[in-house]
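Below is one structure, written out as structure tokens; comments come after it.
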Amino acid sequence: MAPRLQLEKAAWRWAETVRPEEVSQEHIETAYRIWLEPCIRGVCRRNCRGNPNCLVGIGEHIWLGEIDENSFHNIDDPNCERRKKNSFVGLTNLGATCYVNTFLQVWFLNLELRQALYLCPSTCSDYTMGDGIHGGKDYEPQTICEHLQYLFALLQNSNRRYIDPSGFVKALGLDTGQQQDAQEFSKLFMSLLEDTLSKQKNPDVRNIVQQQFCGEYAYVTVCNQCGRESKLVSKFYELELNIQGHKQLTDCISEFLKEEKLEGDNRYFCENCQSKQNATRKIRLLSLPCTLNLQLMRFVFDRQTGHKKKLNAYIGFSESLDMEPYVEHKGGSFVYELSAVLIHRGVSAYSGHYIAHVKDPQSGEWYKFNDEDIEKMEGKKLQLGIEEDLAEPSKSQTRKPKCGKGTHCSRNAYMLVYRLQTQEKNHTMIQVPAFLQELVDRDNSKFEEWCVEMAEMRRQSVDKGKAKHEEVKELYQRLPAGAEPYEFVSLEWLQKWLDESTPTKPIDNHACLCSHDKLHPDKISIMKRISEYAADIFYSRYGGGPRLTVKALCKDCVVERCRVLRLKSQLNEDYKAVNNLLKATMKGNDGFWVGKSSLRSWRQLALEQLDEQDGEAEQSNGKMNGSPFSKDESKEEKKEEEEELNFNEDILCPHGGLSISENERRLVSQEAWSKLQQYFPKAPEFPSYKECCSQCKILEREGEENEALHKMIANEQKTSLPNLFQDKNRPCLSNWPEDTDALYIVSHFFLEEWRKFVRKPARSTPVSSVGNAALLCPHGGLMFTFPSLTKEDSKLIALIWPSEWQMIQKLFVVDKVIKITRIEVGDVNPTETQYISEPNLCPDCREGLLCQQQRDLREYTQATIYVHKVVDNKKVMKDSAPELNVSSSETEEDKEEARPDGEKDPDFNQSNGGTKRQKTSQQGYVAYQKQVIRRSTRHRKVRGEKALLVSANQTLKELKIQIMHAFSVAPFDQNLSIDGKILNDDGATLGTLGVIPESVILLKADEPIADYAAMDDVMQVCMPEEGFKGTGLLGH
1 MAPRLQLEKA AWRWAETVRP EEVSQEHIET AYRIWLEPCI RGVCRRNCRG
51 NPNCLVGIGE HIWLGEIDEN SFHNIDDPNC ERRKKNSFVG LTNLGATCYV
101 NTFLQVWFLN LELRQALYLC PSTCSDYTMG DGIHGGKDYE PQTICEHLQY
151 LFALLQNSNR RYIDPSGFVK ALGLDTGQQQ DAQEFSKLFM SLLEDTLSKQ
201 KNPDVRNIVQ QQFCGEYAYV TVCNQCGRES KLVSKFYELE LNIQGHKQLT
251 DCISEFLKEE KLEGDNRYFC ENCQSKQNAT RKIRLLSLPC TLNLQLMRFV
301 FDRQTGHKKK LNAYIGFSES LDMEPYVEHK GGSFVYELSA VLIHRGVSAY
351 SGHYIAHVKD PQSGEWYKFN DEDIEKMEGK KLQLGIEEDL AEPSKSQTRK
401 PKCGKGTHCS RNAYMLVYRL QTQEKNHTMI QVPAFLQELV DRDNSKFEEW
451 CVEMAEMRRQ SVDKGKAKHE EVKELYQRLP AGAEPYEFVS LEWLQKWLDE
501 STPTKPIDNH ACLCSHDKLH PDKISIMKRI SEYAADIFYS RYGGGPRLTV
551 KALCKDCVVE RCRVLRLKSQ LNEDYKAVNN LLKATMKGND GFWVGKSSLR
601 SWRQLALEQL DEQDGEAEQS NGKMNGSPFS KDESKEEKKE EEEELNFNED
651 ILCPHGGLSI SENERRLVSQ EAWSKLQQYF PKAPEFPSYK ECCSQCKILE
701 REGEENEALH KMIANEQKTS LPNLFQDKNR PCLSNWPEDT DALYIVSHFF
751 LEEWRKFVRK PARSTPVSSV GNAALLCPHG GLMFTFPSLT KEDSKLIALI
801 WPSEWQMIQK LFVVDKVIKI TRIEVGDVNP TETQYISEPN LCPDCREGLL
851 CQQQRDLREY TQATIYVHKV VDNKKVMKDS APELNVSSSE TEEDKEEARP
901 DGEKDPDFNQ SNGGTKRQKT SQQGYVAYQK QVIRRSTRHR KVRGEKALLV
951 SANQTLKELK IQIMHAFSVA PFDQNLSIDG KILNDDGATL GTLGVIPESV
1001 ILLKADEPIA DYAAMDDVMQ VCMPEEGFKG TGLLGH
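Under this note's numbering, the first residue of the sequence shown carries the number 1, and numbering increases by one thereafter.
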């Protein structure tokens, strides 16, 4: 037995020998466990919830152990934000701007570019005064050059571990939440920077982009017939190298420069020969820049998916690259050394993360730039190994090739930066201009002030925590009550008091009170007995109440609990005794009526009633601090419990008397009733001489008379209308009977209700009125055309022969007569037949009904549709993926669209009835129509068809995503149609496209895609890719 249950049992063991009237103060204190031994720290591993004197394991360990200053605050050490010695400054990732950060670090470590930008004039002179910087406003760069100047100055001399580039990103108009093509960003920004610097007077500034990054190559075409060469010279800022099918960088360069044959339809028009001739074309490198950017074309367009994808093939490259074999003019040095490797982590072209490995040109050491984090590589060596392990593995993944000394291979590198090798190393220190250094110093001052402020806040928190620590430690030692005056406080409140992470609330003891506003005995397991000294301090500091002193021990609850426990132990014996008494033959007719159902379950009812106090205790056991006791909720729950029948209430009639049903009760002896009454003192008591309820007797007699009357009425109506009841020999509008020129109409609802009554008159109420008004509009006009009555609306009506109509008028109250008459028009043979309705059709209301039916079909929140996949419009493809939604076995109400031209049938002559009536809502009729008829047609799925759950406000694009999961067909490969209509507006909702419940949509796939991994990029692109449209990079 668990310790808590053992303590519970021990606290009430005395109740076995003590009668309720003999309960003393000692018994009360035992029930409340006042004198249980307190637990000792180190011996008791966790808090004993059944012992109010156990104050161990309630959260005191953090106050009694060693002091950890870090636990007194949640403020990080501001020095963690300080730049480390001999390290670089990072850049904050603003969401998806890691591609910008990598290029900024690469450009910053190009010393020539940084020096030239520092020489660029700035508008900072307007911001600075003769004696320094304005103190009242922050510096805001005005141009891209000024933004780069300020960023580079901060990257060079800031005291911060990382800086915020949001000003630069905002100036370019970039979306911080959209990851862009890094290679495209590099091209566009270099073009923008070159155009901006072209206006500078200083040639070192004006030409810096061309000096550092610009080379020349020529497209050379040679005619095979005459040997004439045609050259087209062009500048380049990077070489875009195809990596498909290659393993080494040198192979990519060779392919870039390889000769191409122009033959057949692709022949070249030679100016010398004046005709198309076979020729060769190739690229010749004329000059190379100081900084050679090699773009590895990892992100390519996939024709199958219509989007970009990433090539994850390994490419080998060396730290030293000799470009002399590839240059036309061999004079000069063309040996380059690797200075940066830009990495894209991830397998998708639309997601992932950009980082850069860059070599410090002054120290020759390699650093990894990962947004805010800068890591120095050991031993001045480039280390790419960990970056290659981060890509997601796949079954087709190739092994990483072995690399020799001075060589590397990567499947994530998308750009390699090489610097022209020089004999002498560049040890020149680049000085930040004075005006920029002033701005950096000011930012550093703000940072130092912030560090001092954070450190002071940490110190204050630590001091406050130490003081609280000593205070709590001292007060915890005074918590145990012993033999001195005591009070009760909830365990939950004590735990929150010892929990520094949550503010301490006032003490709230309401949830542990009994109905006498004292401490409930059953709540003692969640209470703790503390000294009056500690309680005084708690209430003076935190307030709350009510205070639970020794006077809060409730004698009434203990006495009642004692009675209940004794009855529980006596229940088994009484159960056997009652059973024996019920089996014995009764002497005489003196006794008491008891319900048979109550007799079968009285033991269970007694147990539930005895446990009722525990149930009420649990019911009121809300949170001790926070949720007050809700009387309204308690009343509602009690009301629900009272609705269940209590003992002997199964023979109560609705009027509170004895039920007239003798089969549901039996007579028990006086002795048996006495034992039962001990457990159910409030049960209804019916002595054997008690008469049954007189009102129930009267109602029983009236019911028998009514039943006989109903049977007589039903028999008369069945005899009068036999064919109508048995649904035999019924007229049909589409095949008008020859022996009559008039037919009458009643509602199908009336007919079904009448048949139900005739079949079972004892269980149904007689039908008194035909109720034809439901088929008419508020103006009294008919709601249906003759063609609609022969088709979709035929299920709403029943046709009546004239002879039957005469009988109906005698048997029922006819509110409205609806009649259709056939007439012959014209003098020639054959004559034209027309059908006239009485009353006439109401065109306005008919139109409103059709509109309402259309709206109902297009305003659904959840419905099943079917997608049928076809090949060449004939063959059905096999299922290629599990269904996304539920099966099609669910039934849906078949809502047929009403014919808009139904009322224009020439054979149904219905006039408007004079002037145009006011339009009214048809909601009442539509509601009637829904309750009258349930037209259910089960759609049967065929092979290659899947059921999808959709809503009317769902867009076609969202449906295509569902179809992609179900059929493995990408959205752009889906050709959807319904009833011959092509669905191509992705932004339109299904309701506006005419997709109604139970619709069947035909899917024809251009080219099925079975590879889910290949569709990863498709899911990433929810909107058309716009690149840098609308940004400052394109001049906007």
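Think of the CB as a built atom: it goes at the ideal place given N, C-alpha and C, for glycine as much as any other residue.
Cβ-based burial, residue i [other Cβ within 10 Å; buried from 16]
{"i": "Asn110", "result": "buried"}
{"i": "Met190", "result": "buried"}
{"i": "His1074", "result": "In this structure the chain extends from 1 to 1036, so residue 1074 is not present and cannot be described."}
{"i": "Val233", "result": "exposed"}
{"i": "Cys223", "result": "buried"}
{"i": "Gly293", "result": "Checking the sequence shown, residue 293 turns out to be Asn, not Gly. Looking at its Cβ environment, which holds 16 or more other Cβ atoms inside 10 Å, Asn293 is buried."}
{"i": "Phe103", "result": "buried"}
{"i": "Ala572", "result": "It should be pointed out that residue 572 corresponds to Asn in this sequence rather than to Ala. When all chains shown are included, Asn572 counts as exposed."}
{"i": "Tyr414", "result": "buried"}
{"i": "Leu64", "result": "exposed"}
Those residues which DSSP pairs with residue i across a bridge
{"i": "Glu240", "result": "Gln295"}
{"i": "Pro480", "result": "Ile530"}
{"i": "Leu658", "result": "Leu652"}
{"i": "Trp366", "result": "Lys359"}
{"i": "Leu595", "result": "Going by the sequence as given, residue 595 is Gly instead of Leu. According to DSSP, Gly595 bridges with Arg665."}
{"i": "Met415", "result": "Gln295, Leu342"}
{"i": "Ala218", "result": "Val233, Arg284"}
{"i": "Gly316", "result": "Gln248, Cys409"}
{"i": "Cys1039", "result": "Given that the chain is displayed from residue 1 to residue 1036, the structure contains no residue 1039 and the question cannot be resolved."}
{"i": "Ser734", "result": "DSSP, once it has assigned bridges, lists no residue as partnering Ser734."}
Residue i versus residue j - alpha carbon distance
{"i": "Asn840", "j": "Leu959", "result": "45 Å"}
{"i": "Leu857", "j": "Ala1005", "result": "28 Å"}
{"i": "Ala467", "j": "Gln460", "result": "11 Å"}
{"i": "Asn706", "j": "Cys845", "result": "42 Å"}
{"i": "Leu5", "j": "Gly543", "result": "33 Å"}
{"i": "Asp373", "j": "Val871", "result": "54 Å"}
{"i": "Ile865", "j": "Leu789", "result": "28 Å"}
{"i": "Lys258", "j": "Lys282", "result": "6 Å"}
{"i": "Leu567", "j": "Glu22", "result": "16 Å"}
{"i": "Ala15", "j": "Tyr679", "result": "18 Å"}
{"i": "Gly545", "j": "Asn53", "result": "20 Å"}
{"i": "Met964", "j": "Arg298", "result": "27 Å"}
{"i": "Ala947", "j": "Phe967", "result": "11 Å"}
Residue span of the alpha helix (DSSP H) that contains residue i, given as start and end
{"i": "Leu249", "result": "249 to 257"}
{"i": "Val564", "result": "555 to 583"}
{"i": "Ser747", "result": "Counting along the chain, Ser747 falls outside any alpha helix (DSSP H), though it belongs to the beta strand (DSSP E) covering 742 to 747."}
{"i": "Leu849", "result": "843 to 857"}
{"i": "Ala965", "result": "For clarity, residue 965 is His in the given sequence; the question names Ala instead. Segment 956 to 967, the alpha helix (DSSP H) holding His965."}
{"i": "Phe185", "result": "182 to 197"}
{"i": "Ala947", "result": "It is not in any alpha helix (DSSP H) - Ala947 instead sits in the beta strand (DSSP E) that spans 945 to 950."}
{"i": "Ser166", "result": "166 to 172"}
{"i": "His27", "result": "25 to 31"}
Boundaries (first-last residue) of the beta strand (DSSP E) holding residue i
{"i": "Gly703", "result": "It is not in any beta strand (DSSP E) - Gly703 instead sits in the alpha helix (DSSP H) that spans 694 to 720."}
{"i": "Ala798", "result": "797 to 800"}
Short CB-CB distance (under 9 Å) between residue i and chain C
{"i": "Asn242", "result": "This model lacks chain C altogether; it includes just one protein chain."}
Using 8 Å as the threshold, is the region 41 to 51 in touch with the region 77 to 95, meaning 3 or more CB pairs across them?
Verdict: no, contact absent.
Segment contact flag, the region 400 to 420 with the region 321 to 340, C-beta cutoff 8 Å, min 3 pairs:
Output reads yes: the region 321 to 340 touches the region 400 to 420.
Taking 8 Å as the threshold, find out whether the region 710 to 724 comes into contact with the region 743 to 761 through three or more Cβ pairs.
Between the region 710 to 724 and the region 743 to 761, the count of Cβ pairs shorter than 8 Å is three or higher; the stretches touch.
Sufficient close CB pairs (3 or more, under 8 Å) joining the region 269 to 289 to the region 213 to 224
Verdict: yes, contact present.
Between the region 550 to 560 and the region 508 to 527, do at least 3 Cβ pairs fall closer than 8 Å?
Pairwise C-beta distances place the region 550 to 560 in contact with the region 508 to 527, as three or more of them are shorter than 8 Å.
Between the region 306 to 325 and the region 243 to 255, are three or more C-beta pairs nearer than 8 Å?
Yes: at least three Cβ pairs fall under 8 Å.
Does the region 583 to 595 come within contact of the region 661 to 668, defined as at least 3 CB pairs closer than 8 Å?
Touching, yes, given that three or more Cβ pairs across the two stretches are closer than 8 Å.
I want to know whether the region 428 to 439 touches the region 114 to 123 - three or more CB-CB distances under 8 Å.
Output reads yes: the region 114 to 123 touches the region 428 to 439.
Any chance the region 768 to 780 sits against the region 801 to 816, with 3 or more Cβ pairs inside 8 Å?
By the Cβ test, the region 768 to 780 is in contact with the region 801 to 816, since at least three Cβ pairs between them sit closer than 8 Å.
Using a Cβ distance threshold of 8 Å, determine whether the region 687 to 700 contacts the region 649 to 663, with at least three qualifying pairs required.
Contact between the region 687 to 700 and the region 649 to 663 is present: 3 or more CB-CB pairs across the two stretches fall below 8 Å.
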